[in-house]
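Asks:
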Amino acid sequence: MTSTLSAMSYITLVLSGTFSALASVLLRFAGKLPASGEALLFGMAARPLAYRLAAIGAYGAGFVLYALALRRMELSIAYPLMVAVTILEIMAFGALSGEAMSMRTLAGATLLIASVVLLYAPTASTA
Numbered sequence: 052m053t054s055t056l057s058a059m060s061y062i063t064l065v066l067s068g069t070f071s072a073l074a075s076v077l078l079r080f081a082g083k084l085p086a087s088g089e090a091l092l093f094g095m096a097a098r099p100l101a102y103r104l105a106a107i108g109a110y111g112a113g114f115v116l117y118a119l120a121l122r123r124m125e126l127s128i129a130y131p132l133m134v135a136v137t138i139l140e141i142m143a144f145g146a147l148s149g150e151a152m153s154m155r156t157l158a159g160a161t162l163l164i165a166s167v168v169l170l171y172a173p174t175a176s177t178a
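In the working numbering, each residue's number is its place in the sequence shown (first place is 1) plus 51.
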């Protein structure tokens with residue numbers, strides 16, 4: 052049963068990162084849309100506002116899932132893993148949408164993944 056709970060914690064954490072990435076993508080779409088003549092709130096047009104509200108919902112869902120994952124996982128493991136998932140998904144979106152990726156960006160992502168692997172690597176026991 053412990054492994055099932057642990058697996059569910061990891062699934063919940065990955066979903067949390069996915070909702071965070073989704074929120075970022077929605078905000079990007081909102082920023083790229085041309086503003087229409089209908090200003091609703093603080094000069095924001097109706098269509099971009101819908102994307103922004105959806106992003107807030109996605110951030111909220113990600114927050115709830117992250118809080119659930121933290122009930123069974125240590126913060127020092129959960130946070131880096133969630134951030135790694137989010138960054139990898141945002142990079143995948145960027146690659147699929149044709150955004151240019153610099154060597155600096157790729158090196159940073161590689162270092163992030165390496166740090167998460169180091170956090171999960173089993174330690175040598177001193178007997």
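Don't be surprised by glycine CBs; every beta carbon is placed ideally from N, CA and C.
Would you say the segment 105–117 touches the segment 62–78, given that touching needs at least three Cβ pairs under 8 angstroms?
Replies: yes
Asks: Among F80, F114, A118, which one has its Cα closest to the Cα of L100?
Replies: F80
Asks: Using a threshold of 8 angstroms, state whether the C-beta atoms of I128 and L170 are closer than that.
Replies: yes
Asks: Is it buried or exposed, G159, if we count other Cβ atoms within 10 angstroms and call 16 or more buried?
Replies: exposed
Asks: Thinking C-beta only, is S60 closer than 8 angstroms to A120?
Replies: yes
Asks: I'd like to know whether the C-beta atoms of M133 and L64 end up nearer to each other than 8 angstroms.
Replies: yes
Asks: Quick one: what's got a C-beta closer than 6 angstroms to G231's C-beta in the same chain, skipping five residues either side?
Replies: What the structure shows of the chain is the stretch from 52 to 178, and residue 231 is not part of that stretch, so it cannot be assessed.
Asks: Roughly how many angstroms separate the alpha carbons of L163 and E140, rounded to a whole number?
Replies: One C-alpha to the other measures close to 13 angstroms.
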